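Participant:
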Amino acid sequence: MSITSTGIASGLDIESLVTQLVSAEGAVESNRLTRSEAKFQAKLSAYGTLKGALSTFQTAIATAGDPESFQGKTATSSAPDSLTMTAGNDALVGEYDVNVSQLATKHSLYGGAYASESTVVGTGTLNFTLGTTTYNSSGDTYSFSQKADSTPVSITIDSSNNTLLGVRDAINAADAGVSASIVNDGSYYRLIMTAQDTGTENSLQVNVTDSDGNLTDGSGLSELNFNATTRQSTQLNAAQNAAFTINGLAVSSASNTVTTALSDVTLTLGAVTSSSVKLTVDNDLNTASNAVNNFVAGYNNLTGMINNLTAYSAVSQSGSLLTGDATTRTLQSGLRNILNQVVTEATGGHQTLAALGITTKVADGTLEVDSSKLNTALTSDQIGVGQVFSRLGSSNTNTLNFVSSTSSTEAGTYAVVFDGSSGTINGIAASVDGNVLTGPVGSSVEGLKVEVVGGATGNIGTISFADGLSSRLDSLIDGLLADDGLLDARSDGLEVSIDDIKEQRLDLDARLLKIEARYRSQFLGMETLLSSLQSTSNFLSVAMQQFPEPLSFKK
Numbered sequence: 039m040s041i042t043s044t045g046i047a048s049g050l051d052i053e054s055l056v057t058q059l060v061s062a063e064g065a066v067e068s069n070r071l072t073r074s075e076a077k078f079q080a081k082l083s084a085y086g087t088l089k090g091a092l093s094t095f096q097t098a099i100a101t102a103g104d105p106e107s108f109q110g111k112t113a114t115s116s117a118p119d120s121l122t123m124t125a126g127n128d129a130l131v132g133e134y135d136v137n138v139s140q141l142a143t144k145h146s147l148y149g150g151a152y153a154s155e156s157t158v159v160g161t162g163t164l165n166f167t168l169g170t171t172t173y174n175s176s177g178d179t180y181s182f183s184q185k186a187d188s189t190p191v192s193i194t195i196d197s198s199n200n201t202l203l204g205v206r207d208a209i210n211a212a213d214a215g216v217s218a219s220i221v222n223d224g225s226y227y228r229l230i231m232t233a234q235d236t237g238t239e240n241s242l243q244v245n246v247t248d249s250d251g252n253l254t255d256g257s258g259l260s261e262l263n264f265n266a267t268t269r270q271s272t273q274l275n276a277a278q279n280a281a282f283t284i285n286g287l288a289v290s291s292a293s294n295t296v297t298t299a300l301s302d303v304t305l306t307l308g309a310v311t312s313s314s315v316k317l318t319v320d321n322d323l324n325t326a327s328n329a330v331n332n333f334v335a336g337y338n339n340l341t342g343m344i345n346n347l348t349a350y351s352a353v354s355q356s357g358s359l360l361t362g363d364a365t366t367r368t369l370q371s372g373l374r375n376i377l378n379q380v381v382t383e384a385t386g387g388h389q390t391l392a393a394l395g396i397t398t399k400v401a402d403g404t405l406e407v408d409s410s411k412l413n414t415a416l417t418s419d420q421i422g423v424g425q426v427f428s429r430l431g432s433s434n435t436n437t438l439n440f441v442s443s444t445s446s447t448e449a450g451t452y453a454v455v456f457d458g459s460s461g462t463i464n465g466i467a468a469s470v471d472g473n474v475l476t477g478p479v480g481s482s483v484e485g486l487k488v489e490v491v492g493g494a495t496g497n498i499g500t501i502s503f504a505d506g507l508s509s510r511l512d513s514l515i516d517g518l519l520a521d522d523g524l525l526d527a528r529s530d531g532l533e534v535s536i537d538d539i540k541e542q543r544l545d546l547d548a549r550l551l552k553i554e555a556r557y558r559s560q561f562l563g564m565e566t567l568l569s570s571l572q573s574t575s576n577f578l579s580v581a582m583q584q585f586p587e588p589l590s591f592k593k
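In my numbering, the protein residues as written are 39 to 593.
#1: Answer yes if the stretch 414-424 comes into contact with the stretch 454-472, meaning at least three C-beta pairs across the two stretches below 8 Å, and no otherwise.
#2: Thinking C-beta only, is asparagine 413 closer than 8 Å to threonine 101?
#3: Please work out which residues of its chain come closer than 6 Å, Cβ to Cβ, to serine 181, disregarding the five sequence neighbours upstream and downstream, and give them in chain order.
#4: In the DSSP assignment, what residue or residues form a beta bridge with glutamine 140?
#5: Counting only the same chain and skipping the five closest in sequence on each side, list residues whose C-beta sits under 6 Å from that of asparagine 245.
#6: Take every Cβ of the stretch 199-217, pair it with every Cβ of the stretch 142-158, and state whether three or more of those distances are shorter than 8 Å.
#7: Could you say which of Lys81, Leu92 and Glu261 lies nearest to asparagine 339 if we only look at CA atoms?
#8: In angstroms with no decimal places, state the Cα-to-Cα distance between alanine 208 and asparagine 199.
#9: Determine whether the Cβ of valine 470 lies closer than 8 Å to any Cβ atom of chain B.
#10: Need the endpoints of the alpha helix (DSSP H) that valine 423 sits in, please.
#11: For the alpha helix (DSSP H) containing aspartate 408, list its first residue and its last residue.
#12: Between the C-alpha atoms of asparagine 321 and glycine 493, what's the straight-line distance to the nearest angstrom?
#13: Assign serine 219 to one of three DSSP states: helix, strand, or coil.
#14: Does the separation of the CB atoms of valine 381 and glycine 506 fall below 8 Å?
#15: Between the alpha carbons of arginine 24 and asparagine 263, how many angstroms are there, rounded?
#16: Could you tell me if threonine 297 is buried or exposed, where buried requires 16 or more neighbouring beta carbons within 10 angstroms of its beta carbon?
#17: May I ask which residues mark the beginning and end of the beta strand (DSSP E) holding tyrosine 26?
#18: Near serine 481, what residues of its chain come up, given a Cβ to Cβ distance below 6 Å and the 5 sequence neighbours on each side ignored?
#19: Can you look up serine 54 in the DSSP assignment and give me helix, strand or coil?
#20: State the beta-bridge partners of valine 455 as determined by DSSP.
#21: Give me, in chain order, the residues of the same chain whose beta-carbon lies closer than 6 Å to that of alanine 214; leave out the 5 immediate sequence neighbours on both sides.
#22: Which stretch, first to last residue, makes up the alpha helix (DSSP H) that contains leucine 130?
#23: In the structure shown, what three-state DSSP assignment does leucine 360 receive?
#24: Pop quiz: glycine 132 and valine 289 are said to be a contact at Cβ under 8 Å. What is the actual Cβ separation, rounded to whole angstroms?
#25: Apart from the five residues just before and just after threonine 390, which ones in its own chain have a Cβ nearer than 7 Å to its Cβ?
#26: Would aspartate 187 be called buried (16 or more neighbouring beta carbons within 10 Å of its own) or exposed?
#27: Roughly how many angstroms separate the alpha carbons of alanine 76 and glycine 126, rounded to a whole number?
#28: Do the CB positions of serine 293 and alanine 520 come within less than 8 Å of each other?
#29: Per DSSP, threonine 318 forms a beta bridge with which residues?
#30: Can you give me the Cβ contacts of aspartate 119 inside the same chain, cut-off strictly under 8 Å, excluding the 5 residues immediately before and after it?
#31: Can you name the residues that DSSP bridges to phenylalanine 264?
#32: Could you tell me whether the stretch 226-239 touches the stretch 135-151, using the rule of 3 or more Cβ pairs below 8 Å?
Right, dumping it as structure tokens:
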């Protein structure tokens, strides 16, 4: 408990005097600590801003670091209402003239003529088989060949499901490759059975075992029969394949969605065409260009932030929060070093940013893009441009495709050899899955996955795999932002300094309490002395008043 004095004897405001004296004693040190703490806090905040800017930059360059950004293809059709196309990354650039003469259709049958949906059809067994039905018009006969991978499905019809509705639902629940529906034609309810898939190999054969034992009487479950021997059901639509030509070559497909006619291209046939439809596959220059421009914009935003944090004013002769900061200089040096690097594995003569029309402004260190030069580079070798930015491989032949890589794959140019069942990458035995080879763990080609196409064997060709600038920048930033990275180390150091200031404040407060106690003790002593002197003065005054007045003598 502090000793207080009211200053009764002296008439002084001792509390105010003590407060002012203590404040004066601690002012210099307290102000120094406040300035130091504010400086450390501001610098810590600046590092936080820098970390955020680096994270934002990583996000901005992620698109350029994604191989997909430079492998994409566009596909266009001159008659999209009749024919559309999508192209994957491995589709070959080119133009194709397509004529569609016939669409693939589903086989459909209808059977029976029923008064209502609840009419009893009959009981027995329905057996569905998928395959190819051939019709001989001269003899009005059908023959059927079962599909190789088709398994006949048997459906039991009994008293629990023998109505028209019950038969429909039983067929739909059986997963027999057939869908059933009921249609009222204005006179009767009829059961329509339709194959779920298009194409001649998905025709329906219906074999009925009728409980009444008669398959030709036109009644009971046998009304649904449709096979080479007995046909009580009527064919609505014959199953047929799509028929079309690509650049004059005839093509047949069981489906209107065609995935095998052109490599990594899907055709969707929508209508028979009266004239040739032009399909065009091209490199997706738009996506690639956007990826590069996002990379540049991301770098410029980061550079602008760093410039603000490190700016120096010659007029005021004052710096910013990180002016002269060694950590920030290390970051800037690392970024510039990577941007000036040559990606030697990149093809097409585009191995630097400058070769792509991307240069550095001397004034502020930001990048600028010559769009014309970039578009020329993308047009001539989109993959080569992509290799400057991402972890991407390119092939020197159409019989070899780069598929993917891992973070362990080393940059380089690797020869691929394949005999149809085994193969090597860079002379190292690769694991083989069909026609895809993968580099083994622990090797320079670890995780490198390539595809041999067109049935090629022997010395297939080479894959040039590049570790682009986005990947290198990403690694640099990951190191800086890591828990044990340089930025965290600097931030931790600042936090230690701030904690030390807090300790110094506690020490200062303790010293000031002692000083306050000393001042209070001194003022208390003064008050005590003054009080004693005042008491003595009062006593003497009273005593003097008791003395008789001096005698007065007349002369």
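C-beta atoms are modelled at their ideal positions from N, C-alpha and C, and glycine is treated no differently.
Quick caveat, the model's predicted, so the values are computed rather than measured.
Facilitator: Quick look at the numbers:
#1: At 8 Å Cβ cutoff, the stretches do not touch.
#2: Here residue 101 corresponds to residue number 63 of the sequence shown, with the count starting at 1. Here residue 413 corresponds to residue number 375 of the sequence shown, with the count starting at 1. No.
#3: In the sequence shown, residue 181 corresponds to position 143, counting from 1. Closer than 6 Å at the Cβ level, and outside the excluded window around serine 181, lie Thr172 and Ala266.
#4: Within the sequence shown, the letter at position 102 stands for residue 140. Answer is Ala281, bridged to glutamine 140.
#5: Working through the sequence shown from its first residue, we reach residue 245 at position 207. Same-chain partners within the cutoff: Asn165 and Asn265.
#6: With a cut-off of 8 Å, the stretch 142-158 and the stretch 199-217 count as touching, because enough Cβ pairs lie within range.
#7: The residue labelled residue 339 in the question sits at position 301 within the sequence shown. That would be Leu92, whose Cα lies nearest to the Cα of asparagine 339.
#8: Position 170 of the sequence shown, counted from the first residue, corresponds to residue 208. Position 161 of the sequence shown, counted from the first residue, corresponds to residue 199. Rounded to the nearest whole angstrom, the C-alpha separation of alanine 208 and asparagine 199 is 7 Å.
#9: Judged by its chain identifiers, the structure shown contains no chain B, having just a single protein chain.
#10: Position 385 of the sequence shown, counting from 1, holds the residue named residue 423. Start and end: 420-427.
#11: For this step, residue 408 is matched to residue 370 along the sequence shown. That residue, aspartate 408, is in no alpha helix (DSSP H); it is neither H nor E in DSSP.
#12: Position 283 of the sequence shown, counted from the start, is the residue given in the question as residue 321. Position 455 of the sequence shown, counted from the start, is the residue given in the question as residue 493. Cα-Cα distance, rounded: 25 Å.
#13: The count along the sequence shown starts at 1 and reaches residue 219 at position 181. Assigned with DSSP and collapsed to three states, serine 219 falls in strand.
#14: The sequence position of residue 381 within the sequence shown is 343, counting from 1. The sequence position of residue 506 within the sequence shown is 468, counting from 1. Yes, they are a contact pair.
#15: Because the chain is modelled from 39 through 593, residue 24 falls outside the range shown and cannot be assessed.
#16: As a working note, residue 297 is residue 259 in the sequence shown. Exposed: under 16 other Cβ atoms inside 10 Å.
#17: Nothing in the structure corresponds to residue 26, since the chain is present only between 39 and 593.
#18: Looking up residue 481 in the sequence shown gives position 443. The answer, listed in chain order, is Ile466.
#19: Here the question's residue 54 lines up with position 16 in the sequence shown. In the structure shown, serine 54 sits in a helix (DSSP, three-state: H, G or I).
#20: Walking along the sequence shown from the start, residue 455 turns up at place 417. DSSP lists Thr462 and Asn497 as partners of valine 455.
#21: Here residue 214 refers to the residue found at position 176 when the sequence shown is read from its first residue. Phe166 and Val191.
#22: Taking the sequence shown and counting its residues from 1, one reaches residue 130 at position 92. Judged by DSSP secondary structure, leucine 130 falls outside any alpha helix (DSSP H); it is assigned neither H nor E.
#23: Counted from its first residue, the sequence shown places residue 360 at position 322. Leucine 360 falls in the coil class under three-state DSSP.
#24: The residue you call residue 132 lines up with position 94 of the sequence shown. The residue you call residue 289 lines up with position 251 of the sequence shown. At roughly 16 Å, the Cβ-Cβ gap does not stay under 8 Å, so glycine 132 and valine 289 are not in contact.
#25: For the purposes of this step, residue 390 is identified with residue 352 of the sequence shown, where counting begins at 1. Around threonine 390, the same chain offers Val380 as residues with beta carbons nearer than 7 Å, after the five sequence neighbours per side are excluded.
#26: For this step, residue 187 is matched to residue 149 along the sequence shown. With fewer than 16 Cβ atoms within 10 Å of its Cβ, aspartate 187 is classed as exposed.
#27: Within the sequence shown, numbered from 1, the residue matching residue 76 stands at position 38. Within the sequence shown, numbered from 1, the residue matching residue 126 stands at position 88. Taking the straight line from one Cα to the other gives about 57 Å.
#28: Taking the first residue of the sequence shown as position 1, residue 293 is located at position 255. Taking the first residue of the sequence shown as position 1, residue 520 is located at position 482. Not closer than 8 Å, so no.
#29: Your numbering for residue 318 matches position 280 in the sequence shown. In DSSP, threonine 318 forms a bridge with Thr114 and Glu133.
#30: Taking the first residue of the sequence shown as position 1, residue 119 is located at position 81. Correct list, in chain order: Gly308 and Ala309.
#31: Against the sequence shown, residue 264 aligns to sequence position 226. According to DSSP, residue pairing for phenylalanine 264 in a beta bridge involves Val244 and Arg269.
#32: Judged by Cβ distances under 8 Å, the stretch 226-239 makes contact with the stretch 135-151, as three or more pairs qualify.
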